[in-house]
Each structure stands twice: as C-alpha cells, then as structure tokens.
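In the working numbering, the protein residues as written are 30 to 274.
Notes follow once the structure below has been shown.
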C-alpha cells in the first residue's frame, strides 16, 4: 500500500499544512494558518508521518482528530489532499504527527490560477509578424524568437501559473502576443530568468494615473516545468508573507 503513495510523494518532500481556526465572533473571517514542514515517512497507502511543524522555537501540536488540508511539494509536481491527525510520535529526536489521508490525493490546480500580488520588474515586446504567425501555427520554439530586439520596461503587479498582470507607460493591442522576460527568486537558484510568450487579454488605463496602463496576459506554449517553477515561487512567497504576518 505504501508503494502507491510513494509513486508521488517521498520522505523529505516539503508539505504545507493548512488549518482553519474559527473566530469567536461569527461575523469575523476565520483565521487560516499555514505550517511548513516535511514528510518523515510513508506508513501505508493512506497514512503518513510528518515532522511536527515549528514557529520560531515552538512546536505546533495539532490536536488528535483535527482535520486539515495538506499540499505536497514533490519532485513529480504539487498534490493536495485532506488529512486527519490520528496520533503523535517521536523517532530519532523528531516529534511527529501521524496523519491519515481522508480524501484522494489529487494534482494541486488552484495555485496555478491563484494570483500572487507582487512588484517585479519585467521587460517585454510585441512579437514581430513572422514570429506571431509561427506561434499561431504552434510551431515556434524558444530558439526561433528573434534575439536582441529592444524591450520595454514594465512592472508585474500579480503573477500566477496561468499568466500575469503588469503596469506600463505604454500599451499593447488587445490580442497581441508578447515576449515577457522577468526574473524570480527561486529556492537554491536566485534570480532565475523566465522568457515566456503571452497573449494580451485585457488593457485598461490605470485609475488616477494618467499615461499608465494595466495589461492582463495569459501564457501560451508554456512548458510544464516552467509553470511548476512559477507555482513553486508563489508557494514560497505566500509562506514568507504569512510568516511575516
């Protein structure tokens, strides 16, 4: 049974445990907490051990019987399931939570379209006619994009695994195809450069900022690996923001 789960998740894989704490006042929004830890062992097809998460030097002891959402950041992708704490243990100096999977393990999709607010510098340009025609025929590859053409500066204000939104002092036509070049601070590989193609879905003038325009762009022909890397960046930055709060 353990072999089936271990096809997707392995000991050492990072996990996020999402727990919802209800407020005493029913009118207030519930408090969502995300605890970062990792898989210690896989006991069976529906039972795992994870290292008990910590905040600063304090162990987070989740109650036995409590249920949580768990997101696995595995080498094969990102997966989500619902888990229930069934026991606590200690092995080799590690305090552990024993958890049962109480829902199917499924590919994590929500984060692909979750837009993370940011302020990242980007360089972009509209594709030349022959480049755009090749994209429409789905025969273009990275090496076929004309190099060294001038790029215009803009600022990404939110990003997701499906696209991005940026603000600039110039406009692109609705439906045009752009080359978007920007850098993301990745774990273990700082400032990785992404050069992606995207189609302009919406253009609006920024309210109260004359001469500035907001563009919404959807990626096209993006590779699975690049999409996963963007999602992992969002995954990491969201955790950092929650820790600061």
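Backbone N, C-alpha and C define an ideal beta-carbon position, used for all residues, glycine too.
Which same chain residues, not among the five before or five after residue 164, have their C-beta less than 6 Å away from its C-beta?
206
Should residue 109 be labelled buried (16 or more other beta-carbon atoms within 10 Å of its own) or exposed?
buried
What did DSSP end up calling residue 223 once you bin it into helix, strand or coil?
strand
Pairwise C-alpha distance: residue 86 and residue 30:
Bear in mind that a pLDDT of 43 at residue 30, under 50, signals an unreliable position, so the model cannot answer this.
One question on the structure: do residue 196 and residue 266 come within less than 7 Å of each other, judged by their Cβ atoms?
no
8 Å contact criterion, which residue 241 and residue 232 should meet: CB distance rounded:
Actually they do not touch by this definition, with Cβ atoms about 12 Å apart.
Mind checking whether residue 152 and residue 192 have CB atoms under 7 Å apart?
no
May I ask which residues mark the beginning and end of the beta strand (DSSP E) holding residue 78?
76-80
What's the gap between the Cα of residue 99 and the Cα of residue 239?
44 Å
Whole-angstrom distance between residue 258 and residue 252, CA atom to CA atom:
10 Å
What is the DSSP secondary structure of residue 30, reduced to helix, strand or coil?
Residue confidence for residue 30 is low, a pLDDT of 43 falling below 50, so the modelled location carries little weight; the figure read from the coordinates is stated next. Three-state DSSP puts residue 30 in coil, outside helix and strand.
Counting only runs that start and end within the region 57-127, where is the beta strand (DSSP E) found for 3 or more residues in a row?
60-73, 76-80, 96-103 and 106-120
Pairwise C-alpha distance: residue 42 and residue 306:
With the chain covering 30 to 274 only, the question about residue 306 has no answer from this structure.
With burial defined as no fewer than 16 other Cβ atoms inside 10 Å of the residue's Cβ, what is the status of residue 222: buried or exposed?
exposed
Are the Cβ atoms of residue 79 and residue 69 separated by less than 7 Å?
yes
Compute the distance between the beta-carbons of residue 76 and residue 118, then report whether it is under 7 Å.
no
In three-state terms, what does DSSP make of residue 145?
strand
Under 7 Å between C-beta atoms of residue 194 and residue 155
no
What residues are listed by DSSP as bridge partners for residue 151?
183 and 211
Pick out whichever of 204, 104 and 177 has its Cα sitting closest to the Cα of residue 37.
104
Excluding sequence positions up to five away, which residues of its chain have a Cβ less than 6 Å from the Cβ of residue 71?
31, 34, 35 and 77
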